[in-house]
Every structure is written in structure tokens, then in C-alpha cells.
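S.K.:
Chains as they are written, first to last, in my numbering: chain A, 66 to 310; chain B, 4 to 275.
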């Protein structure tokens, strides 16, 4: 793949879970190497479906999805893609899985991170002690950090995050965005982050794709602020106040 | 029972077969339960053993051995449950109810058409019903399943946690699903002989539940579940001789006692 080719390419993609009721329809966009793209839209707008289509978990009814230049149906190098599903913390309920064995299970790539390194990367407190802990005994914020570490443990080139800020306080959101910015530079990581929370991205995004079943907006956050697109996405006017920090 | 009498009992081939079957079932059912229970399919043993019941009844009706038929029926039944959950997105309890009802209806049909089945031994287990073919098949499946789990521990763990998470890491969940159906089916078909249709679920679920109270990792959880399963069935079979009761029932009482002790240890803060 040449340097200028897209990491992810959506070409007129329609996905339906129920025939005749598309979750997304006619969505097209391209994401390039080391971009940080925010996928913005209301609940049920199709953000998760876009990420699931990139992760190969749902098949498009129409159109094509290409990942690293390969049709997603033929893509096999999944260690290059880190994926953090929405509300993933619920999967651990009642099942005794330690942090260490979860991270070792996620690591499938040669040269992936050591579990301790992955936990240090996401800013987990006391990573060595954390390895032996049952995941379902941790706080929601710490579970989210473990899941994020699991999606980074293979040193992926593409990271898909679905609502990663739900259980995270504002300081944690800032730390997450700082981490993603750092990994863009150090790993040339491409990030697509889905969120319904406009405030999580209002001072940070270099590019926003707005989805509400179809593509509504694709451009820098500065153009989205004050535009009619936000009203079209959420159904009412939103006013964002930007701080200088 | 006097010691000499007990030794005499243990020299009987059918008793040795029953103890061997207890060892195989006590290993296989909790091992399979370790992957079934977290997927909220705890009653899979119940549903699939009703399919085994149907196979035994249909086999009796046509005068053919129910053993092979039971294996096939149960594997198919479990595969249908897993596919219904994954492909149609129906909840686990709905899929289990469909399979349970189908098995029970088929068994009822065969019995009403004249199939002669010893209901007591089918429902609650019988030490006399165990034969060498069951034991060989069970032991072979136990060895192969253990080797698969050992070699693919990471993929197996992710598959157990979340189908979607596993697929996003490149795990071929279709193969895992098929193997789980085959192993679970054979485990149930073998164990129905000892534990009976109604009590297979108990041996699949109670050791798993007990182990989850005390474990800090998935590996320890599987190890403890198998240990409790072995202990429960082995002591249960011994009790069934001394108290002259069905082995399924005595095994369940032992497993419940282990659960009670483990719950107390859990409350006291013990974790392994």
C-alpha cells in the first residue's frame, strides 16, 4: 500500500440487520494514515455499525469496505486492527478472568506489548499488582483501561474505539485523547473514535464525520461548530462553548 | 456395609465401569460447563439430554442401539442451540426451550408408539447402563478437548467472553462453535448414563458455579471446576452403592455440599 492510500475506505456502504431497514445507508468516506477521526452522531445513528463493518463483524448489503487496501471480506491481518466494542465491560460479569490472562489472550502479534507495558501505556495504577486481579472486581473506569490496553497490546496500526468515554471522568477523557495523539506520532496510529458526546471532542478533533444513518458531515470540527449540521444530527440546536485549554 | 463387602463390590466389572464413567463425566461436564455457563446457556445439558432421551426412545422403537443415535442427536441439538443464538439472535433460554421441547416431544412420540424404555434409569442414571464404548469415546473426547483448550487458550477465552471480541481478534468462532457442540454433545451423551437426563445439568453447572466463587483466573476456574466435578461424581457413585440410590441424585447431593462449603469460604474472603 502506498503512503497516500487510505487505511479505511467506505464506498457507498449500506448495512441492514433487518431486511429493508438499513442501520446505515450510502455512507462513503476515507480515513488516512495517522488521522484521528471522530465519528459523531446520536444513539442509534449507525456509529457502531460503521466500526463493526470496518472490524469485519457485519457484512455490507451494498457497497465496499476496504481496510489497508484490502476488501474487508478478504482481510486477515486482524492483529493490525485494535477494536474496543461499546459497553464491553459487561462481558466480564461473574466470570473469573484475570487482567493478565485477558491481555495475554488479546496479544496475537509477534512484537506485541507485554501486558505490563500495555497497562502502563493506558495509565493504569499499579500495573504489576493489577495483572493478578479479577477483571469483574475492578471499578468501571479500570475495566475500561484494561479493555483499552487489550485493544493496544498488538501495537495496531488502526484503532477503532466505540464510545470509550462512557465510564470515564473528564480528566480521563483528556488523558485518553492525549494518549491517542501521542500514539499517532509514535506508532503512526490511525484512530476512529465513535461518540455521541460532542463535549468530549469539541476542543480536540482534527476531523469529524457525522452519521445519522447516512453521512451528514465530513470535515474539521471548526466548520461543524455553529453549522446547521449539528441541529440536523441531534434534532435541536446545540451551542458549544470552547475553552482555550 | 462391611469392608470385605465393599471390596467385593469394587471387584465387580460394572462397578469399575461406573467409577470410570464417573471420572470421565466428572471431567468432561464441568470442562464443557466452563464455556457454556458464561454464555448464559446453563440449561444446555438439560435440553440436549432430552435429545439423548429421544434418541434412546427412538432407538428402542426401531430395535437399534441408542448409543450412536444419542451422540448424533445430542451434537445436532447443541449445534442448533448455538446457531439459533448466533444467527437469529434469539436469547439462549428461548433456543434451549425449543430444543428441550423437541427432544421431549420426540421421546413421548416414540414411547406412545411402543418404545420400551426404563424411565427410572434414563431420567436419574443407572450404573448398569454404562458400557466400554461410552467410556472409550468419553476418554478420547476428554483428551482431545483438553489438548485443544491448552493449545488455543487465548482464543478459547476470548470466545467465551464475547463472540464479537473474539472475531475482531481474528478468532474463527465458527470452528470453536462447532467443536464446542461436538464436545458438549459427547459429554452429555456419555454422562446421561450415569447422571440421568434430569441431572446432567447439575453436574455441568454446580462445579462451575462453585469454582467461580473461589477463582481469581480463568485457568484456576477450569481446574477447580473439573476437580469439584470429579470429587462430586466419584463420591456420588460410592454413595449410591452404600445408600442404594440413583448415582445422579447422590452426585448432586455431594456437589451441593461442596457448593455450600465453597460459599462459606467465599464469604470468608478465600480466593485461589
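C-beta atoms are modelled at their ideal positions from N, C-alpha and C, and glycine is treated no differently.
Can you give me the start and stop residues for the alpha helix (DSSP H) that residue 171(A) sits inside?
M.R.: It spans 164 to 171 - the alpha helix (DSSP H) in which residue 171(A) sits, taken as one unbroken run.
S.K.: Please tell me whether residue 197(A) has its Cβ less than 8 Å away from any Cβ of chain B.
M.R.: yes
S.K.: To be precise: take each residue of the region 217 to 240 of chain A, compare its Cβ to all Cβ atoms of chain B, and keep it if any distance is under 9 Å. Which residues remain?
M.R.: 219, 225
S.K.: Relative to the C-alpha of residue 241(B), which candidate in 184(B), 227(B), 256(B) has its C-alpha closest?
M.R.: 256(B)
S.K.: By how many angstroms is the C-alpha of residue 280(A) removed from the C-alpha of residue 80(A)?
M.R.: The alpha-carbon atoms of residue 80(A) and residue 280(A) are separated by roughly 13 Å.
S.K.: Return helix, strand or coil for residue 74(A), following the three-state DSSP convention.
M.R.: strand
S.K.: Could you tell me if residue 38(B) is buried or exposed, where buried requires 16 or more neighbouring beta carbons within 10 angstroms of its beta carbon?
M.R.: buried
S.K.: For residue 139(A), which of 235(A), 118(A), 179(A), 252(A) has the nearest alpha-carbon?
M.R.: It is 118(A) whose Cα lies nearest to the Cα of residue 139(A).
S.K.: What is the DSSP secondary structure of residue 219(B), reduced to helix, strand or coil?
M.R.: coil
S.K.: Name the chain A residues that come within less than 7 Å of residue 218(B), Cβ to Cβ?
M.R.: 161
S.K.: If you count every other CB in all the chains shown that lies within 10 Å of the CB of residue 193(A), and 16 or more means buried, which is it?
M.R.: exposed
S.K.: Who are the neighbours of residue 167(B) on chain A, taking C-beta pairs under 7 Å?
M.R.: 122, 150
S.K.: Determine whether the Cβ of residue 173(A) lies closer than 8 Å to any Cβ atom of chain B.
M.R.: yes
S.K.: Counting beta carbon pairs with one atom in the region 214 to 233 of chain A and one in the region 170 to 180 of chain A, are three or more of them shorter than 8 Å?
M.R.: By the C-beta criterion, the region 170 to 180 of chain A is judged to be in contact with the region 214 to 233 of chain A, since at least 3 inter-stretch pairs fall below 8 Å.
S.K.: How many angstroms separate the CA atom of residue 84(A) from the CA atom of residue 112(A)?
M.R.: 19 Å
S.K.: When the Cα atoms are used, what is the spatial distance from residue 33(B) to residue 150(A)?
M.R.: 30 Å
S.K.: Give the straight-line distance between the Cα atoms of residue 231(A) and residue 208(A), rounded to the nearest whole angstrom.
M.R.: For residue 231(A) and residue 208(A), the distance between alpha carbons rounds to 12 Å.
S.K.: Please work out which residues of its chain come closer than 8 Å, Cβ to Cβ, to residue 233(A), disregarding the five sequence neighbours upstream and downstream, and give them in chain order.
M.R.: The answer, listed in chain order, is 206, 209, 241.
S.K.: Rounded to whole angstroms, what is the Cα-Cα separation between residue 127(A) and residue 90(A)?
M.R.: 9 Å
S.K.: Give the residues of chain C in contact with residue 161(B), contact being defined as C-beta atoms less than 8 Å apart.
M.R.: No chain C appears in this structure, whose protein chains are A and B.
S.K.: When the cut-off is 8 Å and only beta carbons count, does residue 86(B) lie next to chain A?
M.R.: no
S.K.: By a C-beta neighbour count over all protein chains shown, 10 Å radius and 16 as the cutoff for buried, is residue 16(B) buried or exposed?
M.R.: Residue environment: residue 16(B) is assigned as exposed (fewer than 16 neighbouring CB atoms within 10 Å of its CB, all protein chains considered).
S.K.: Since residue 131(A) is in the beta strand (DSSP E), which residue starts that stretch and which ends it?
M.R.: Looking at the DSSP string, the run of the beta strand (DSSP E) that includes residue 131(A) is 127 to 132.
S.K.: What are the partner residues of residue 148(A), as DSSP defines its beta bridges?
M.R.: 225(A)
S.K.: As a quick exercise: from 278(A), 289(A), 287(A), pick the residue whose alpha carbon is nearest that of residue 77(A).
M.R.: 278(A)
S.K.: With burial defined as no fewer than 16 other Cβ atoms inside 10 Å of the residue's Cβ, what is the status of residue 66(A): buried or exposed?
M.R.: The predicted model places residue 66(A) with a pLDDT of 43, which falls under 50 and marks its position as unreliable; any figure quoted below should be read in that light. Per the 10 Å Cβ criterion, exposed.
S.K.: With DSSP as the reference, please indicate the residues paired to residue 253(A) in a beta bridge.
M.R.: According to DSSP, residue 253(A) bridges with nothing at all.
S.K.: Residues of chain B with CB under 7 Å from residue 166(A), in chain order?
M.R.: 160, 220, 221, 222
S.K.: Buried or exposed for residue 175(A), please, with buried defined as at least 16 other CB atoms from any protein chain shown within 10 angstroms of its CB.
M.R.: exposed
S.K.: Would you mind stating whether residue 77(B) and residue 192(B) have Cβ atoms separated by less than 8 Å?
M.R.: yes
S.K.: Taking only beta carbons into account, state which residues of the region 23 to 42 of chain B come closer than 8 Å to chain A, listed in chain order.
M.R.: Sequence-ordered contacts of the region 23 to 42 of chain B with chain A read 41 [C-beta pairs closer than 8 Å].
S.K.: Checking contacts by CB at 8 Å: is residue 45(B) closer than that to chain A?
M.R.: Residue contact check for residue 45(B) against chain A: no CB pair falls below 8 Å.
S.K.: Do residue 251(B) and residue 127(B) count as a contact pair if the criterion is CB distance below 8 Å?
M.R.: A contact, by the Cβ cut-off of 8 Å.
S.K.: Which same chain residues, not among the five before or five after residue 229(B), have their C-beta less than 6 Å away from its C-beta?
M.R.: 30, 33, 34
S.K.: Whose Cβ in chain B lies nearer than 8 Å to the Cβ of residue 156(A)?
M.R.: By Cβ distance, chain B contributes 164, 165, 168.
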